[in-house]
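Quick note: the sequence shown uses this note's numbering, first residue 65, plus one each step.
By construction, the Cβ of each residue, glycine as well, lies at the ideal position given by its N, Cα and C atoms.
Nothing here was measured: the structure is a model prediction, and the numbers come from that model.
Let me begin by presenting the structure, written as structure tokens, before commenting on it.
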Amino acid sequence: MNLFSLFRNHATFAHGGVHPLEHKDETAGLPIRRMPFASKLVVPLLQHKGAPAKPIVKVGQEVVRGEPVAVADGYVSVPMHAPATGRVSAVDLWATAEGPKAPAIVIDVYDGATQEILYEDPVDIMHLAADEIVQAVKDAGLVGLGGAAFPSHVKLLPPQGKSIHTVVVNGCECEPYLTCDHRVMLEHTDALLRGIRIVMRATGAGRALIGVEDNKMDAVRVIREKLAEDDAIRVRAVKTKYPQGAEKMLIESLLNQQIPEGGLPVDLGVAVYNVGTLAQMGDLLPAGRGLIERVVTVSGAGVARPGNYLVPIGTPVGFLLQQAGADAEATKVILGGPMMGMAVASLDVPITKGASGVVVYAADDPDQRDRKVYPCIKCSHCVEACPMSLNPSMMAQLAKTREYQRMESEYHLNQCFECGCCAYVCPSNIPLTQYFRIAKALNRERIALAG
Ligand code: SF4
Ligand code: SF4
């Protein structure tokens, strides 16, 4: 943490939040490096919220880097593109970070395949009409790169009767270890600002506010230098506090407004985009290209060469770790950040569009010691830490007695966005977030079965 940030009084959300150790120094100063191609790349058909893409290639077919290999299946869906030139060796089930196997296109990459992207269709993006921009964003296969992986084009079109006046840009990167967004803000500033202008044009928004945590003041300065006095885009430092990058928190910090329960940012006339998504938008759309690679932070005491790598989508996590010099004895590999990410069960799992980091814990990491679970001591630390002002202790009690419906109807379970703050502060090591994730899934299942 930058010591000076302790004395600044930057805007923040009112309730809860935590300050986990940042662990960002290992990678924040390292420029983005390109990762070579693995011999096999695995492109899952569902890397986003919504319907899986439909494959348009067959086994044995040759594909060129950048070429579409699957088309969107419906409105909330996006296409997939070949991350490298090679031959399709399978369209089959493959391991996913979520657990169950899911359909994927497997590409055997040609030896010496070029990094050059030959499949493109340049356009003058700022002269396209709004609906043409929406289509171009969809055609690029863009989803939220901050982890949510929500199709980006859907947020450009507000529902009938609503409009967007403000674009909120998330440059917080509040998860420990992750620095890919930080590097993107420093190294791809022009593409980021172009992406913001594209979104403003498509939505008709009159202003954009970029929120950056105050442990990244170099990024604030670099962006500010590029903005003219009368620019409709503004950058603001916000307090370094987890989960500042959650859209509800960031909207409160920047606009002093709260999204109503069950509501969305668009209800306030706001669209929220991550800086990584917008920088990709600014790069890909003018060139008429698809999303085939992303910046991934590889960090943790279990890797010898931590850094920010430009990784082809579909690269198996095992290959990535080999390139980063991972410790063979490493105990745990997390995809995403340690607060909201998922432990991967298989190193065959591929890097997908929403994968912002891979954190590798060393065998002797104190954070990963066996954490025995004790009974709740009613200390209320979890209540104080919850940014949504929920009562995690009470919900955990109901989860134990399987009163999932009461968790929802009386304790606002659906307001929980699984940030992990409650579990982080719990002295009894109760896996609160896991309880809530399971309860929400069971409630969804119950509603689906009833309907
Ligand atoms: S995981 Fe849910 S209940 Fe726990 S602090 Fe975050 S929002 Fe609150
Ligand atoms: S923090 Fe843990 S021990 Fe304390 S009240 Fe919450 S659940 Fe109970």
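CB-CB length for Ala78 against Glu393, believed under 8 Å = Actually they do not touch by this definition, with Cβ atoms about 43 Å apart.
May I ask you to report which of helix, strand or coil DSSP gives Arg129?
-> coil
Reference Leu256, options Glu277, Ile228, Ile297 and Val218, closest by Cα = Ile297
Consult DSSP for Gly124 and reduce its assignment to one of helix, strand or coil.
-> coil
How many angstroms separate the CA atom of Gly371 from the CA atom of Val413?
-> 20 Å
What are the start and end residues of the alpha helix (DSSP H) that includes Arg353?
-> Note, Arg353: premise wrong, no alpha helix (DSSP H); not H, not E.
List in chain order: all unbroken beta strand (DSSP E) runs of 3+ residues lying wholly within the region 260-331.
-> 271-277 and 297-302
Every unbroken alpha helix (DSSP H) inside the region 230-259 [4 residues or more] = 244-251
In this structure, does DSSP put His217 in helix, strand or coil?
-> helix
Cutoff 8 Å; reference Ala266; Cβ partners in own chain excluding five residues on either side | Ala194, Ile197, Val198, Val201 and Leu220
Any idea what DSSP makes of Pro100, helix, strand or coil?
-> coil
Quick one: residues in its chain with C-beta nearer than 8 Å to the C-beta of Lys290, no 5 flanking neighbours on either side, listed in chain order?
-> Thr253, Asp254 and Leu257
Looking only at C-alpha atoms, which of Gly130, Gln111, Asp156 and Arg285 sits nearest to Gly208?
-> Gln111
Is the beta carbon of Glu180 sitting closer than 7 Å to the one on Arg151?
-> no
Nearest-angstrom Cα distance between Arg470 and Cys446?
-> 19 Å
Closer than 6 Å: is that where the CB of His445 sits relative to any heavy atom of ligand 2?
-> yes
Measure the C-alpha to C-alpha separation of Ala512 and Leu385 and round it to an integer number of angstroms.
-> 39 Å
Would you call Met65 buried or exposed, if buried means 16 or more other Cβ atoms sit within 10 Å of its Cβ?
-> Below a pLDDT of 50, predicted positions are generally treated as unreliable, and Met65, at 47, falls in that range; no measurement from the model is reported.
Cβ neighbours of Pro402 in the same chain (closer than 6 Å, five flanking residues each side left out) = Pro240 and Val423
Which residue's Cα is closest to the Cα of Asn279: Gly400, Pro495, Ala177 and Lys88?
-> Lys88
Distance cut-off 6 Å: Ile502 Cβ against heavy atoms of ligand 2 = no
Mapping DSSP to helix, strand and coil, what is Gly163?
-> strand
Lys436 CB to nearest heavy atom of ligand 3 below 6 Å = The model on display carries ligand 1 and ligand 2 but not ligand 3.
CA nearest to the CA of Lys312, picked from Gly138, Leu105, Cys483 and Val299 = Cys483
Whole-angstrom distance between Pro95 and Glu251, CA atom to CA atom = 8 Å
Per DSSP, what kind of secondary structure is Ile502 in: helix, strand or coil?
-> helix
What is the rounded straight-line gap between the Cα of Val284 and the Cα of Ile415?
-> 29 Å
Name the DSSP beta bridge partners of Ile398, please?
-> Ala407 and Val423
At what residues does the beta strand (DSSP E) containing Ala335 begin and finish?
-> Val334 to Asn338
Give me the Cβ distance between Val121 and Val133, rounded to the nearest whole Å; I'm assuming they're in contact under 8 Å.
-> 5 Å
Spatially closest choice to Leu411 from Ser420, Asp175, Lys396 and Lys417, by CA coordinates = Lys396
Taking Cβ to Cβ, would you say Gly275 is nearer than 7 Å to Val302?
-> yes
Name, in chain order, the residues that DSSP records as bridge partners for Asn372.
-> Thr361
Quick one: give me the first and last residue of the alpha helix (DSSP H) that Thr91 is part of.
-> Asp89 to Ala92
Quick one: what's got a C-beta closer than 6 Å to Asn338's C-beta in the same chain, skipping five residues either side?
-> Gly208, Leu209, Gly210 and Asn234
Sub-7 Å separation of Gly130 and Arg358 beta-carbons | no
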